[in-house]
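Residue numbers (the working numbering), protein chains in the order written: chain G, 58 to 313; chain X, 58 to 313.
Worksheet: the structure to be examined is printed underneath.
Protein chains: 2
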Amino acid sequence: MKVYKIGGNVVDDQAALETFCREFASLDGPRVLVHGGGVAASRVQELMGIRPVKIQGRRVTDPETLKVVTGVYAGLCNKNVVALLQSFGCNAIGLSGCDGNVICATRRPPIEIEGQMVDFGAVGDVTAASVNTELLEAFCGMGLVPVLSAINHDGKGKLLNTNADTVASSVAAALGAELVVCFEKNGVLRDKDDEGSVIAEIDPGLFERLKKEGIVAEGMIPKLENAFLCLRNGASGVTIRNSSGLDNGIGTVIKL
Amino acid sequence: MKVYKIGGNVVDDQAALETFCREFASLDGPRVLVHGGGVAASRVQELMGIRPVKIQGRRVTDPETLKVVTGVYAGLCNKNVVALLQSFGCNAIGLSGCDGNVICATRRPPIEIEGQMVDFGAVGDVTAASVNTELLEAFCGMGLVPVLSAINHDGKGKLLNTNADTVASSVAAALGAELVVCFEKNGVLRDKDDEGSVIAEIDPGLFERLKKEGIVAEGMIPKLENAFLCLRNGASGVTIRNSSGLDNGIGTVIKL
Numbered sequence: 058m059k060v061y062k063i064g065g066n067v068v069d070d071q072a073a074l075e076t077f078c079r080e081f082a083s084l085d086g087p088r089v090l091v092h093g094g095g096v097a098a099s100r101v102q103e104l105m106g107i108r109p110v111k112i113q114g115r116r117v118t119d120p121e122t123l124k125v126v127t128g129v130y131a132g133l134c135n136k137n138v139v140a141l142l143q144s145f146g147c148n149a150i151g152l153s154g155c156d157g158n159v160i161c162a163t164r165r166p167p168i169e170i171e172g173q174m175v176d177f178g179a180v181g182d183v184t185a186a187s188v189n190t191e192l193l194e195a196f197c198g199m200g201l202v203p204v205l206s207a208i209n210h211d212g213k214g215k216l217l218n219t220n221a222d223t224v225a226s227s228v229a230a231a232l233g234a235e236l237v238v239c240f241e242k243n244g245v246l247r248d249k250d251d252e253g254s255v256i257a258e259i260d261p262g263l264f265e266r267l268k269k270e271g272i273v274a275e276g277m278i279p280k281l282e283n284a285f286l287c288l289r290n291g292a293s294g295v296t297i298r299n300s301s302g303l304d305n306g307i308g309t310v311i312k313l
Numbered sequence: 058m059k060v061y062k063i064g065g066n067v068v069d070d071q072a073a074l075e076t077f078c079r080e081f082a083s084l085d086g087p088r089v090l091v092h093g094g095g096v097a098a099s100r101v102q103e104l105m106g107i108r109p110v111k112i113q114g115r116r117v118t119d120p121e122t123l124k125v126v127t128g129v130y131a132g133l134c135n136k137n138v139v140a141l142l143q144s145f146g147c148n149a150i151g152l153s154g155c156d157g158n159v160i161c162a163t164r165r166p167p168i169e170i171e172g173q174m175v176d177f178g179a180v181g182d183v184t185a186a187s188v189n190t191e192l193l194e195a196f197c198g199m200g201l202v203p204v205l206s207a208i209n210h211d212g213k214g215k216l217l218n219t220n221a222d223t224v225a226s227s228v229a230a231a232l233g234a235e236l237v238v239c240f241e242k243n244g245v246l247r248d249k250d251d252e253g254s255v256i257a258e259i260d261p262g263l264f265e266r267l268k269k270e271g272i273v274a275e276g277m278i279p280k281l282e283n284a285f286l287c288l289r290n291g292a293s294g295v296t297i298r299n300s301s302g303l304d305n306g307i308g309t310v311i312k313l
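Next up, the structure:
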């Protein structure tokens, strides 16, 4: 079993998305796709006069923002990805956490950040234990390919917004699957401007050194921390790679 | 097998929706729910500065409108309904036509209306033959309750907007199921201001007389035409009734 993750930059770029979907559809074997959509969500928020608020890279989800991300992630992005996959012959089925209770999340309580209490709003925390693996395995057994948005529910009628990387790593850990994180770069790069400088393998020791040297910085830090957590929680492997050329073997393998 | 349909007025009224979902969750047996969402879609369009355009009650779906209705119907409305049903113990699964290829629609070609060619845009025509009954039956067999939005796909990567009444009647006809059309009134009323004046049964002969007398008018005409079509195409029965009090036996039964 493999779990693929594509981020908001790929979902929002129709050409990159079509390339990914064509290649993903041609793969064999049971697999799950998890997608983001943050780029489109921020654009829709601005169209509607809502200023996106992020703290430590996480979107604060007030009631109006929840409506936008539910529409954009679970509706617009999810159904576009599924319709594209169907057009390439992949029998995809779009799911949010409420669907068949596939992921039941816990609303994040207000937490202290830099001395201030921060309420992220309708944000849902998810772990491997939140994932209904029986349903995902049953669907894969029927030849269906689950495509998960990062909108989940709390089991009490409320929808919650979860980070898509967290959903992907929780699903991979729960299934004991390999996680393939796909984005717009070829992997973790030694030189961010040189797509040829992919670091083939990163373990926790190298991660610390790369952080100290400033080679791994900003958004790549939580991505790698998430990858280590995913391996510790039961995933069979993690690779970070480009969303195109899925069979070219290029990418960064994460090891414990 | 029963197919229930709720319209945009119920979906948009949180109290009415919760009442419906609580009652629907307590029903036994295999069933499918189809929902609208037009009230919310028009509101979002206006927030985004798009003027909703309807011709003969059907929404003209230009590319921007398609994005809105996909977000609102397949995302916001569908996931809210599913999360509510889950909270009442009903194992609902939200689906749009692309999901598992459950409904494959045909884009409506431009048609002549009152001497003018009208292009409805991304509007999908659906018949009983468009419905993947095997998948719906398999899901019901797994104890899942499919909840369908009216967003479908063309099998070539494009999403299409279909009238929710048409989706519901096509699904009921394809499954040979009973269709229960639920809305904010108690049934087809002899006096539109008297909820006690429900007409118990309507056949095509009575329908013609009621139209002549002006008792059946406006939006009720396509609803009844749709009901007769649904019966002719294989549904086992059609009832038009209130979305609350699902077990009270009040409503209008449609007969051929």
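We put the CB at the ideal spot given by N, CA and C, even for glycine.
Just so we're clear, the structure is a prediction, and the values are computed from it rather than from any experiment.
{"Asked": "Please classify Gln102 of chain X: is it buried, with 16 or more other beta-carbons within 10 angstroms of its beta-carbon, or exposed?", "Found": "buried"}
{"Asked": "Does the Cβ of Gln173 of chain X have 16 or more other Cβ atoms within 10 Å, making it buried, or fewer, making it exposed?", "Found": "exposed"}
{"Asked": "Compare the C-beta of Thr127 of chain X with all C-beta atoms of chain G and state if any pair is closer than 8 Å.", "Found": "yes"}
{"Asked": "Starting from Met174 of chain G and walking both ways along the beta strand (DSSP E), at which residues does that stretch end?", "Found": "Gln173 to Val175"}
{"Asked": "Is any beta-carbon of chain B found at less than 8 Å from that of Asp182 of chain G?", "Found": "The displayed structure is made up of protein chains G and X, and chain B is not among them."}
{"Asked": "Helix, strand or coil: how does DSSP classify Pro87 of chain G here?", "Found": "coil"}
{"Asked": "Less than 8 Å separating the beta-carbons of Val202 of chain G and Cys147 of chain G?", "Found": "yes"}
{"Asked": "Within this structure, are the beta carbons of Val68 of chain G and Gly93 of chain G separated by less than 8 Å?", "Found": "yes"}
{"Asked": "Since Asp182 of chain G sits in a beta bridge, which residues does DSSP pair it with?", "Found": "G:Thr163"}
{"Asked": "With Glu169 of chain X as the anchor, note down where its beta strand (DSSP E) starts and where it stops.", "Found": "Ile168 to Ile170"}
{"Asked": "Taking all protein chains shown into account, decide if Ser187 of chain X is buried (16 or more other Cβ within 10 angstroms of its Cβ) or exposed.", "Found": "buried"}
{"Asked": "Excluding the 5 residues preceding and the 5 following Phe196 of chain X in the sequence, name in chain order all residues of the same chain whose CB lies nearer than 7 Å to its CB.", "Found": "Ile150 and Pro203"}
{"Asked": "Is the shortest distance between the beta-carbon of His92 of chain G and the beta-carbons of chain X less than 8 Å?", "Found": "no"}
{"Asked": "My assumption, with CB atoms under 8 Å, is that Ile208 of chain X sits in contact with Ala131 of chain X. Please give the rounded CB distance.", "Found": "4 Å"}
{"Asked": "Is it buried or exposed, Ile112 of chain X, if we count other Cβ atoms within 10 angstroms and call 16 or more buried?", "Found": "exposed"}
{"Asked": "Taking only runs that begin and end inside the segment 200-232 of chain X, name each unbroken beta strand (DSSP E) of 3 or more residues, in chain order.", "Found": "202-205, 208-210 and 216-218"}
{"Asked": "Report the residues of the segment 143-164 of chain X with a CB closer than 9 Å to any CB of chain G, ordered along the chain.", "Found": "Gln143, Ser144, Phe145, Asn148, Ala149, Ile150, Gly151, Leu152, Ser153, Gly154, Cys155, Asp156, Gly157, Asn158, Val159 and Cys161"}
{"Asked": "Could you name the residues that DSSP lists as bridge partners for Leu303 of chain X?", "Found": "DSSP, once it has assigned bridges, lists no residue as partnering Leu303 of chain X."}
{"Asked": "Does any C-beta atom of chain G lie closer than 8 Å to the C-beta of Leu205 of chain X?", "Found": "no"}
{"Asked": "Kindly say whether Val139 of chain G, judged by its beta-carbon, lies nearer than 8 Å to any beta-carbon of chain X.", "Found": "yes"}
{"Asked": "Please name the residue or residues paired with Tyr61 of chain G in a DSSP beta bridge.", "Found": "G:Leu90 and G:Val237"}
{"Asked": "For Lys111 of chain G, does the three-state DSSP call read helix, strand or coil?", "Found": "strand"}
{"Asked": "Roughly how many angstroms separate the alpha carbons of Arg79 of chain X and Val228 of chain X, rounded to a whole number?", "Found": "23 Å"}
{"Asked": "Asn290 of chain G and Ala221 of chain G: beta carbons closer than 8 Å?", "Found": "no"}
{"Asked": "Going by beta-carbon coordinates alone, are Arg164 of chain X and Ala179 of chain X separated by less than 8 Å?", "Found": "yes"}
{"Asked": "In whole angstroms, what is the alpha-carbon distance linking Leu281 of chain G and Lys59 of chain G?", "Found": "18 Å"}
{"Asked": "Between the segment 205-220 of chain X and chain G, which residues of the former have a C-beta closer than 7 Å to a C-beta of the latter?", "Found": "Ile208, His210, Gly212, Lys213, Gly214, Lys215 and Leu216"}
{"Asked": "Is any beta-carbon of chain X found at less than 8 Å from that of Gly132 of chain G?", "Found": "yes"}
{"Asked": "Bridge partners of Val246 of chain X, per DSSP?", "Found": "The question names Val, yet the displayed sequence has Leu at residue 246 of chain X. X:Val255, per the DSSP bridge assignment."}
{"Asked": "Is it right to say Asn305 of chain X is buried, meaning 16 or more other beta carbons lie within 10 angstroms of its own, or is it exposed?", "Found": "exposed"}
{"Asked": "By DSSP, does Val96 of chain G sit in helix, in strand, or in coil?", "Found": "helix"}
{"Asked": "For Ile168 of chain X, which residues of its own chain have a beta-carbon under 7 Å away from its beta-carbon, when the five flanking residues on both sides are left out?", "Found": "Val175"}
{"Asked": "Determine whether the Cβ of Lys136 of chain G lies closer than 8 Å to any Cβ atom of chain X.", "Found": "yes"}
{"Asked": "Taking the alpha-carbon of Ile307 of chain X as reference, which of X:Val245, X:Ala284 and X:Phe285 has the nearest alpha-carbon?", "Found": "X:Val245"}
{"Asked": "Scan the segment 92-126 of chain G for residues whose Cβ lies nearer than 7 Å to a Cβ of chain X and list them as they occur along the chain.", "Found": "Leu104, Met105 and Lys124"}
{"Asked": "Leaving out five residues on either side along the sequence, give the residues of the same chain with a beta carbon under 6 Å from the beta carbon of Asp248 of chain G.", "Found": "Ser254"}
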